[in-house]
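What follows is one structure encoded as structure tokens, with my remarks underneath.
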Amino acid sequence: MTLPKNKAKLIRILSLVLLGALIGAILGKTVSGINSPYLLGSKEEIIFSVEKGQGFFEIAARLEKESLIKNRLSFDAAVFLLNGVKRLQAGKYELSPGLTPLEIAERLIQGEVARQTITIPEGWNLKEINSYLKSQGLSGGQEFLTAAGRDYLAY
């Protein structure tokens, strides 16, 4: 049994309209999620580490797993919107479930890493300072000693 030409054409048009509506709904949900925090009003801070060379999709999956974003699509959309896929920076970040995916993406792209105040007791030498910084996860060995031993007045 074949449908008349007009009926077949009407079915194709309705199918395209329904497909367009479905795609629009998915995109609308994703885009609206860009500005929706995981937990509205949360002030809880979580240290989230991005390792050098870590991929964009891996970062999104970890953010979702650690309950910082509702779903990765919203974070993906935010990063794409900010043209930041290749600009996400390694570091330790203070993030909160109260931040939107767009705010999290901005921090990771701009490299707004967590700040930590340290106090170095008077009289410590460079080796003692280096050891303390390493114990706090802030510095690594010879690189610090080399930088600290330079004569910066000569520059």
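Our numbering puts the first residue of the sequence shown at 1, with every later residue one more than the last.
Here a beta-carbon is modelled for each residue, glycine too, at the ideal position from N, C-alpha and C.
Asked: DSSP bridge partner residues for Y241 (one or two, in chain order); Found: Examination of residue 241 is not possible in this model, given that the chain is present from 1 through 155 alone.
Asked: Contact belief for F48 with L68 at Cβ below 8 Å, rounded distance in angstroms; Found: 7 Å
Asked: Proximity below 9 Å, CB of E64 to CB of Y93; Found: no
Asked: Simplified DSSP assignment, three categories, for P121; Found: coil
Asked: K134 - containing alpha helix (DSSP H), residue span; Found: L126 to S135
Asked: Complete runs of the alpha helix (DSSP H) confined to the region 60 to 108 [at least 4 residues]; Found: 72 to 81
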